[in-house]
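K.L.:
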């Protein structure tokens, strides 16, 4: 059974929200181990930047693999 566009959107949004939360919590836990001390606001901003980079990376990889698939289909 194929996933609907609406459910694909819900899955993508959930993935981004969970990824953002994981990034922020990881920063809060790991940064002090390396002597980096940041405020919650700084962690939230860095998490947002990492999330944007992750979305761009994921999009680029999907497009590359789709191009490979299209070439293979010819």
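Numbering (this note's numbering), first residue to last: 214 to 287. Here a beta-carbon is modelled for each residue, glycine too, at the ideal position from N, C-alpha and C. Because the structure is a prediction, the values reported are computed rather than measured.
1) Would you check if there are 3 or more beta carbon pairs closer than 8 Å linking the region 231 to 238 to the region 258 to 272?
2) Helix or strand or just coil, what does DSSP make of residue 258?
3) So, at 8 Å on beta carbons, what are the nonlocal neighbours of residue 250 in its own chain, with the 5 sequence-adjacent residues on each side left out?
4) Just to check, is the beta-carbon of residue 252 closer than 7 Å to a non-hydrogen atom of the ligand ZN?
5) Along the chain, where does the alpha helix (DSSP H) that runs through residue 221 open and close?
P.N.:
This is what the structure gives:
1) In short, these stretches touch, since the Cβ pair count reaches three.
2) helix
3) 244.
4) Absence of the ligand ZN from the depicted structure is noted, as is the absence of any ligand whatsoever, leaving it without description.
5) 218 to 243
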